[in-house]
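Each protein sequence line maps, in turn, to chains A and B. To convert, note that position 188 of the first sequence is 1208 in the numbering used here; the numbers rise steadily by one, no gaps. To convert, note that position 374 of the second sequence is 390 in the numbering used here; the numbers rise steadily by one, no gaps. Every residue, glycine too, gets a C-beta built ideally from N, C-alpha and C.
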Amino acid sequence: MALPKYTETRYRVWHYSYIIICTAVFFFLIAPLFVIIPLSFNAEQYIHFSDGMLALQPEAFSLRWYEDMVYGTKNPWGIAARNSIYYAFFATIGATVLGTVAALGLSSRYMPYKQLIMSVLISPMIIPLIISGSAIFFSLAKLGLAATFPGIVIAHIILGTPFVVITVTATLSGFDDSITRAASSLGSTPTNTFFKITLPLITPGIISGALFAFVTSFDEIVVILFVAGGDRNLTTIPLQMWTGLREQLSPTIMAVATCLIVLSTLILIVTELLRRRSERIRGISAQ
Amino acid sequence: MSAEIRTSDGELLSVKLRKVERRRRTTAFLLAAPLLFFIVFAYVIPIFQMLGRSVDNVQMNEFLGNTHNVMQEWDGTEMPGEDVTSTFFYELKGLVAEKNHGKIATRLNYEKGGFTSLIKKTARKLNDFDENGNFLDQFIDTHKKWGDIEYWLALKRGTDAYHFRKYLTTFDYEQKFDGSIERIPEKKRINVTLWLRTIFVAAGVTFCCFLLAYPISHLLSVLPTRYSNLLMICVLLPFWTSLLVRTSSWMVLLQKQGVLNDTLVSLGIVADEGRLELMYNMTGTFIAMTQILLPFMVLPLYSVMKTIPPSLMRAATSMGATPFLAFRKIYFPLTYAGISAGSILVFVLSIGYYITPALVGGAKGTLISNRIAYHMQQSLDWSLATAMAAVLLVAVLIVYWLYNKIVGIDNMRLG
Chain A
1021 MALPKYTETR
1031 YRVWHYSYII
1041 ICTAVFFFLI
1051 APLFVIIPLS
1061 FNAEQYIHFS
1071 DGMLALQPEA
1081 FSLRWYEDMV
1091 YGTKNPWGIA
1101 ARNSIYYAFF
1111 ATIGATVLGT
1121 VAALGLSSRY
1131 MPYKQLIMSV
1141 LISPMIIPLI
1151 ISGSAIFFSL
1161 AKLGLAATFP
1171 GIVIAHIILG
1181 TPFVVITVTA
1191 TLSGFDDSIT
1201 RAASSLGSTP
1211 TNTFFKITLP
1221 LITPGIISGA
1231 LFAFVTSFDE
1241 IVVILFVAGG
1251 DRNLTTIPLQ
1261 MWTGLREQLS
1271 PTIMAVATCL
1281 IVLSTLILIV
1291 TELLRRRSER
1301 IRGISAQ
Chain B
17 MSAEIRTSDG
27 ELLSVKLRKV
37 ERRRRTTAFL
47 LAAPLLFFIV
57 FAYVIPIFQM
67 LGRSVDNVQM
77 NEFLGNTHNV
87 MQEWDGTEMP
97 GEDVTSTFFY
107 ELKGLVAEKN
117 HGKIATRLNY
127 EKGGFTSLIK
137 KTARKLNDFD
147 ENGNFLDQFI
157 DTHKKWGDIE
167 YWLALKRGTD
177 AYHFRKYLTT
187 FDYEQKFDGS
197 IERIPEKKRI
207 NVTLWLRTIF
217 VAAGVTFCCF
227 LLAYPISHLL
237 SVLPTRYSNL
247 LMICVLLPFW
257 TSLLVRTSSW
267 MVLLQKQGVL
277 NDTLVSLGIV
287 ADEGRLELMY
297 NMTGTFIAMT
307 QILLPFMVLP
317 LYSVMKTIPP
327 SLMRAATSMG
337 ATPFLAFRKI
347 YFPLTYAGIS
357 AGSILVFVLS
367 IGYYITPALV
377 GGAKGTLISN
387 RIAYHMQQSL
397 DWSLATAMAA
407 VLLVAVLIVY
417 WLYNKIVGID
427 NMRLG
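Set out below in structure tokens:
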């Protein structure tokens, strides 16, 4: 980004102010997340940087809020974490299978009413969650599934499928049909071709869709507010955070939030690796 | 006439081709069918059923069906006759026996305030009624409100099987008992304020996201991949982080005793007594939503800008355009697709935002979604909640349709 020597002063000024603006925006994006991490190690009960912390005195830091998160009895973070993982696990499987199969159909040139069907399938992502939440709640209540494990999983499958459909269709849109035709011309059955040729090529897309579905379920708060119906045994991490945040910001929430930031960092790394792998096997140079 | 072309098994080629095509269409549809049926039955139909609640009053109509039928003859200019009051007496008595009078009290209270206590008091005294006496007088004796004709009018229209009055309430209008439609008293108007605020916040957040996203998307698209991948983390990490984590970080920052205020005080910019009110108002909602939705603007913009060859700008400047003119005439128009994709996405997401306004917005910064949630969960006026939801849904679907027209769902990309 170095400027050539002959650049006029006003463009120089403009260039540096552009860099400053960009830095500020990146800072605005990322800084709020990093405020939480040091605060979760606070030895005091208040959520602010104590003088000791600013002076980097070791006694101003502690792990007591992490202890409270794991062993504390007031908030059932353990149950919440277990539930969140269970819901997300089953919702991911459901959403990925349904979404991938649908995406295979939607990517076909012969798919009838493609636009219309696509709009319907994507709608859970577009329609405000408050509407989705109450509608799903009413229908689950009618079936006697409100505030039950299967009910919550169904709700999360609904919310997760659009992401799988979008990512897998996007992967398939760059798919070279001549590869499968080559396979069939060499005597491969359609099933064999699918499992040996198509599936390995679109796996990165499926995994990234599955990750989206997982995160959607894992972070989901609005629909679960309706569907869980205040049952403590069905609670999830976001639900516990929501209740906690409405009462009072506690350092324990900061500890949970820090764990979630670590988790999202892991997810980010996985998606980045997937993207590179996908570019490599599809012959797009990643430089 | 041209010779008919046949395949090796003797069938007409055109017929055979059509068959193959039909089979492929069926296969494609069958693949999409499981999810389509799942979404339609578990999601689309429930939404319509729920929205039906905004006009549905069938239960009331069943509870007080006879009264409703008799009342159709009554024109409402003077107190109802004995046919109405006696029918109502017997029907109410039946409802009290089945312990259903609480439900009608709640519903009628939406038509006219004071009905809850009125029905409850009357229900207790129904056994004291003399079935040979004048019913209207006895009703008035149990509670003087029965002497007010408006309660009878409310009973009449409150037992219609369907009504659209909740849609008037959604926009702070009401239907008077004489049928005229008027705005409700100024003190009670809240919904229009919330609608306007929601649109204002959604448009404002979209515009701010655009202003902030444009320079950084440009930077990301021109930097060498090595650096841009690194900077992309700043966009993607918040994108993958839990919404509640990001909202709580804004609460930590914006509180009165929060990090931002602490910093300003210690720097001496703000006096300790004059700490800024950054949270529990519109400012908080606005700042937090902008940061949370910014990645949704950056990603589409970046993917469009990435495809613009840098040689275009060089060509423009080499032909004498100033960098500013080249940007305005060449670069900016080429990014329209990204701008519209990002803007529509951010707008549609912010118009239905619920969690962040509820936590950061306080009373002054809540949006229409919070009002819907309030009616769903606290006031339990489900007809009003669903009427508001229907209006919100229509608004969102219009934007969704626009998105489809301009950008195309097929071009939606994530991450």
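So, is the C-beta of residue i closer than 7 Å to a C-beta in chain B?
i, result
"I1131 (chain A)", "It should be noted that the sequence gives Met, not Ile, for residue 1131 (chain A). M1131 (chain A) counts as touching chain B."
"E1028 (chain A)", "no"
"S1159 (chain A)", "yes"
"S1198 (chain A)", "no"
"A1108 (chain A)", "no"
Would you call residue i buried or exposed, if buried means 16 or more other Cβ atoms sit within 10 Å of its Cβ?
i, result
"Y178 (chain B)", "exposed"
"L46 (chain B)", "exposed"
"F180 (chain B)", "exposed"
"N1062 (chain A)", "buried"
"S1282 (chain A)", "It is worth fixing the name first, because residue 1282 (chain A) is Val in this sequence and not Ser. So V1282 (chain A) counts as exposed."
"G1125 (chain A)", "buried"
"R262 (chain B)", "buried"
"A1075 (chain A)", "exposed"
"E202 (chain B)", "exposed"
"D146 (chain B)", "exposed"
"A1122 (chain A)", "buried"
"F216 (chain B)", "exposed"
"W211 (chain B)", "buried"
"W417 (chain B)", "exposed"
"D91 (chain B)", "exposed"
"N148 (chain B)", "exposed"
"Q273 (chain B)", "exposed"
"Y1026 (chain A)", "exposed"
Could you give the distance in angstroms between the alpha-carbon of residue i and the alpha-carbon of residue j?
i, j, result
"Y1036 (chain A)", "F1054 (chain A)", "26 Å"
"T42 (chain B)", "S1128 (chain A)", "11 Å"
"L1118 (chain A)", "T1223 (chain A)", "15 Å"
"A1233 (chain A)", "V281 (chain B)", "43 Å"
"T1218 (chain A)", "A1277 (chain A)", "39 Å"
"G431 (chain B)", "L252 (chain B)", "Interpretation of G431 (chain B) is limited by its pLDDT of 48, a score under 50 that renders its predicted location unreliable; the figure taken from the coordinates is listed afterwards. Roughly 8 Å between the two C-alpha positions."
"F155 (chain B)", "R173 (chain B)", "19 Å"
"L259 (chain B)", "D278 (chain B)", "25 Å"
"S356 (chain B)", "L1165 (chain A)", "40 Å"
"R1102 (chain A)", "Q307 (chain B)", "30 Å"
"Y1038 (chain A)", "P1170 (chain A)", "52 Å"
Compare the C-beta of residue i with all C-beta atoms of chain A and state if any pair is closer than 7 Å.
i, result
"R330 (chain B)", "no"
"L317 (chain B)", "no"
"R34 (chain B)", "no"
"Y296 (chain B)", "no"
"I388 (chain B)", "yes"
"V364 (chain B)", "yes"
"I63 (chain B)", "yes"
"L253 (chain B)", "yes"
"P50 (chain B)", "yes"
"M267 (chain B)", "yes"
"Y183 (chain B)", "no"
"Y106 (chain B)", "no"
"G336 (chain B)", "no"
"A411 (chain B)", "no"
Any heavy atom of the ligand PLP closer than 6 Å to the beta-carbon of residue i?
i, result
"G1092 (chain A)", "This structure simply doesn't include the ligand PLP, nor any ligand for that matter."
Closer than 7 Å, Cβ to Cβ, to anything on chain B: give me those residues from the segment 1110–1127 of chain A, in chain order. L1118, G1119, V1121, A1122, L1124, G1125 and L1126
May I ask you to list, following chain order, the residues of the segment 1218–1243 of chain A that have a beta carbon less than 8 Å from some beta carbon of chain B? S1228, F1232, V1235, F1238, D1239, I1241 and V1242
Short-range partners of chain A found in the segment 218–230 of chain B, where Cβ spacing is below 7 Å: L228
May I have a chain-ordered list of the alpha helix (DSSP H) segments no shorter than 4 residues that lie completely inside the segment 1127–1180 of chain A? 1134–1146 and 1149–1162
Report the residues of the segment 1278–1297 of chain A with a CB closer than 7 Å to any CB of chain B, ordered along the chain. L1280, I1281, S1284, T1285, I1287, L1288 and T1291
Please identify, using Cβ separations under 8 Å, the residues of the segment 1067–1099 of chain A that lie next to chain B, in order along the chain. I1067, H1068 and F1069
Would you mind listing the alpha helix (DSSP H) stretches within the segment 103–165 of chain B that are 4+ residues and don't spill past its ends, in chain order? 117–127, 131–141 and 151–158
Unbroken stretches of the alpha helix (DSSP H), 4 residues or longer, contained in the segment 236–324 of chain B: 241–256, 259–270, 275–282 and 298–321
Please list the residues of the segment 1043–1062 of chain A that have a C-beta atom closer than 8 Å to any C-beta atom in chain B, keeping them in chain order. V1045, F1046, F1048, L1049, I1050, P1052, L1053, V1055, I1056 and L1059
Going residue by residue through the segment 352–429 of chain B, where are the continuous alpha helix (DSSP H) segments of at least 4 residues, counting only ones entirely within it? 352–367, 371–376, 384–393 and 398–422
Identify each residue in the segment 272–306 of chain B for which the Cβ-Cβ distance to at least one residue of chain A is less than 8 Å, and report them in chain order. Q273, G274, V275 and D278
At a CB distance below 8 Å, what residues from the segment 1139–1152 of chain A approach chain B? Give them in sequence order. S1139, V1140, L1141, I1142, S1143, P1144, I1146, I1147, P1148, L1149, I1150, I1151 and S1152
Please list the segments of the beta strand (DSSP E) lying wholly inside the segment 186–215 of chain B, counting only runs of 3 or more residues, in order along the chain. 189–191 and 197–199
Residues from the segment 1252–1276 of chain A in contact with chain B, defined by Cβ distance under 9 Å: I1257, P1258, M1261, W1262, G1264, L1265, R1266, L1269, I1273, M1274 and V1276
At 4 residues or longer, what runs of the alpha helix (DSSP H) sit wholly inside the segment 1249–1295 of chain A? 1257–1267
Identify each residue in the segment 1178–1203 of chain A for which the Cβ-Cβ distance to at least one residue of chain B is less than 8 Å, and report them in chain order. I1178, T1181, F1183, V1185, I1186, T1187, T1189, A1190 and S1193
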